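Read through the structure below, which is laid out as structure tokens, and then see the notes.
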Amino acid sequence: MSYPFPNPNSPPPSTHKKHKQGKPKKISVDLQSVLANPDDFPIKASENKIYLGQAAAYPNSKERTPFWLPTALFDSHLFIGGAIGSGKTTVLFRLISGALRWYGTVIISEAKGGVRGTKEGAAFTDLAAYLQEKDPKISVCRWPRGEYYFNPLENLLNSSERREFFEMLCQVIISQYEGMAGDLLAVIYNAAAIAEYLLVLLQNFYPPDALTLRSLVNLLSIPKQVEEALKNCKNKINFRLNSQNLTPEKKEELQEKTNLLEKIEQQLRLANFFYMDHKELVMTRRGVQIFQSLLDQEDLLTYTEPHPNLKKLSFDDILYHKTLVILSQPLSQSSSKIIGPIFLDNFLNYVLELGSNTKTKNGKDRLKTLVILDETHRLPVGKIGDSGDYLREYGIGLVEVAPTIPKDNKRWEQNKHVY
């Protein structure tokens, strides 16, 4: 069986050609020579290829050849591996620049954070400024710790989406507590069920501006006040139901709200939310505290709610306009473990709802999106990292960057056939 690559055990191929007088002629293999003498090289530049740098045929070779990556490969699941300091980030600079030019929107996770987790000195800050200078039409969005806010709760419109969201949070917690099992695992999922019904309460009985992660975190810490609020809300609705001036439609609407309140209260009681201060429910309280602490991070809460100096980050903005989205996930910040899954799982669900057929909106075609996940052996990847099988159908390319495959390689084996 023949392979398109040289045998690593064979000697390096000769890079010398005979001069007209019979003397050996050294062929330069730098980029300038490739562009000047394209017929002498099998790998050529074109509009659908991205120059990534000089490459060797095999590790011990001293010869280098310009390497051009066809953008069609972005529709697959790519893995960029290399030791620390090997130049993975440098390759990403070229890959991002080329993808924005030839592919579409780019979402990149930034594990190398700047000063105190800000963009100052972060890995892709200078690149973003350079790309905007070269092409002012490209938008750059940094979240969090930038000029945008993104509220993940606004996209959880039905029970299955809410359940998937809180399941994802559970998986992030489990990944942090190695070997979690038994009672602790059970109370984590119990806390997720509590949070899900508190979210239903926020969505249906609070003002729209209260639908934030901060509000959800606050409700998790005040079970007695939640119980009292449910009671007061039911009393108000029952008082209105006894009014003589209600239309049948209004009466039916109020009755549905009453039924929903009763369901929320019942589920919270079943999860022992109102009784967490009892000494025999110490594990229930511990589960809620772990779940709450995952979300109770100021840099996360601030950038998931509106503020006068922040613009809203909308998925339509990045799907129909060429954008570089930088997910700030410095390894020094504990919130980084949740930022990627929160944004990317929401993004994937949104694209899946749009469907696989490219649709226009306001006269603009939907763009392809390249998602680049950095340090995937240390940062959770969420659902999008397990979806290599079908991402290409929805115009999403996936690139993972890490120095090594982690010990727990279940996900890697699952996706191996699409790398």
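Position in the sequence shown counted from 1, then plus 110, gives you the numbering used here. Backbone N, C-alpha and C fix where the C-beta goes; we use that ideal spot for every residue, glycine too. Just so it is clear, the structure is predicted and the values come from calculations on it, not from any experiment.
Task: Alpha carbon of L404 to alpha carbon of Q286, nearest angstrom - done: 10 Å
Open item on the list: In whole angstroms, give me the CA-to-CA distance for L231 and N382.
Closed with: Note on identity: in this sequence residue 231 is Gly, with Leu being the wrong assignment. Going from the Cα of G231 to the Cα of N382 covers about 47 Å.
- [ ] Using alpha carbons as the reference points, say which of I160, G223, G192 and N300 lies closest to R204.
- [x] I160
Open item on the list: Need the endpoints of the alpha helix (DSSP H) that E306 sits in, please.
Closed with: G292 to F315
Open item on the list: Can you list, in chain order, the residues of its chain with a C-beta nearer than 7 Å to that of Y504? Leave out the 5 residues immediately preceding and following it.
Closed with: V461, L462 and S466
Task: Residue from I494, V509 and E485 with nearest C-alpha to I194 - done: E485
Task: Cα-Cα separation between L458 and L356, rounded to whole angstroms - done: 43 Å
TODO: Tell whether a beta-carbon distance below 7 Å holds between E415 and R272.
DONE: no
Task: Three-state secondary structure assigned by DSSP to R396 - done: helix
TODO: Would you mind reading off the limits of the beta strand (DSSP E) that contains V250?
DONE: S249 to W253
TODO: Alpha carbon to alpha carbon, how far is L464 from K360? Give it in angstroms, no decimals.
DONE: 33 Å
Task: Alpha-carbon to alpha-carbon, R396 and K389 - done: 11 Å
- [ ] Could you tell me which of K447, L454 and K471 sits nearest to E274, measuring between CA atoms?
- [x] L454
Open item on the list: Within the continuous alpha helix (DSSP H) that includes P358, where are the two ends?
Closed with: P358 to L380
Open item on the list: By the three-class DSSP mapping on this structure, what secondary structure does D512 have?
Closed with: It should be pointed out that residue 512 corresponds to Ala in this sequence rather than to Asp. Three-state result, A512: strand.
Open item on the list: Cutting at 6 Å between CB atoms, please list the residues of its own chain near L411, excluding the five before and the five after it.
Closed with: L323 and R324
Open item on the list: Please tell me whether A238 and V225 are closer than 7 Å, where the distance is taken between their beta carbons.
Closed with: no
Task: Through-space distance from T479 to Y213, alpha-carbon basis - done: 8 Å
TODO: Tell me, please, which residues DSSP counts as bridged to G208.
DONE: According to DSSP, G208 bridges with nothing at all.
Task: Residues of its chain near S196, where Cβ-Cβ distance is below 6 Å and the 5 sequence neighbours each way are ignored - done: none
Task: Minimum C-alpha distance to R174 - residue among L162, P180, L183 and Y299 - done: L162
- [ ] Answer with buried or exposed for I332, where buried requires no fewer than 16 other C-beta atoms within 10 angstroms of its C-beta.
- [x] exposed
Task: alpha helix (DSSP H) runs contained entirely in the stretch 171 to 227, provided each spans 4 or more residues - done: 198 to 212
Task: For Q443 and H187, the rounded distance between their alpha carbons - done: 28 Å
Task: Nearest neighbour of V327, chosen from S424, Q402 and D409 [CA to CA] - done: Q402
TODO: For the alpha helix (DSSP H) holding A339, just list the boundary residues, first then last.
DONE: P333 to L351
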